[in-house]
Amino acid sequence: MEDAFQAGHADVIARIYGTDAERYVPEAAVVRGRPAIEQAWKATIGRGGNRLRVEVAEVEQEGDRVHEIGRFTISSPDGAVLAAAKYLVIWGQGADGGWTARRDIYNWDIPPGQHQ
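Whatever position you read off the sequence shown (first residue = 1), add 3 for the working numbering.
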């Protein structure tokens, strides 16, 4: 995901989501479905260049569901922090045994535009 973000490949990031996934982003309507999620990622990462750093803090499985909690930071090529947040992703296991993100939510610690 980090490499895809830097390269500007929203399509690669969108593949982690299930077809009926939902993203809950700050100050915006719920984004529903993989195509809409891909478009939202395209708007976020543009052509790429910035770096995404994901730090997973906890992963816990209960049957065909997993929740993942962590933090992420987005920084410019020169290392300046552009945004930082904490997140929760709920993963679901499909009939084929594969895992996809079903729900994704995050809250800003450092909103975009409030650089450090």
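Quick reminder that beta carbons are idealized off the backbone N, C-alpha and C, glycines included. Model, not experiment: these values are computed from the prediction.
Under a three-way DSSP split, which group does residue 30 fall into?
Residue 30 sits at position 27 when you count from the first residue of the sequence shown. Residue 30: coil per DSSP, three-state reduction.
Under 8 Å by Cβ, that's how I've got residue 95 and residue 21 pegged, so tell me the actual separation to the nearest angstrom.
Here the question's residue 95 lines up with position 92 in the sequence shown. Here the question's residue 21 lines up with position 18 in the sequence shown. Contact flag correct, Cβ pair sits at about 6 Å.
With the cut-off set at 8 Å, would you say residue 48 and residue 13 are in Cβ contact?
For the purposes of this step, residue 48 is taken as residue 45 along the sequence shown, with counting starting at 1. For the purposes of this step, residue 13 is taken as residue 10 along the sequence shown, with counting starting at 1. Taking 8 Å as the Cβ cut-off, residue 48 and residue 13 qualify as a contacting pair.
If you reduce the DSSP assignment to three classes, tell me which class residue 74 lands in.
Residue 74 sits at position 71 when you count from the first residue of the sequence shown. Correct three-state label for residue 74: strand.
Using a 10 Å radius around the Cβ and a threshold of 16 neighbouring Cβ atoms, would you call residue 72 buried or exposed?
Counted from its first residue, the sequence shown places residue 72 at position 69. By the C-beta density criterion, residue 72 is exposed, having fewer than 16 other C-beta atoms within 10 angstroms.
Residue 45 - partner residues in DSSP beta bridges:
Taking the first residue of the sequence shown as 1, we reach residue 45 at position 42. DSSP lists no bridge partner for residue 45.
At a Cβ threshold of 8 Å, is residue 95 touching chain D?
Note that chain D does not occur in the displayed structure, where there is just one protein chain.
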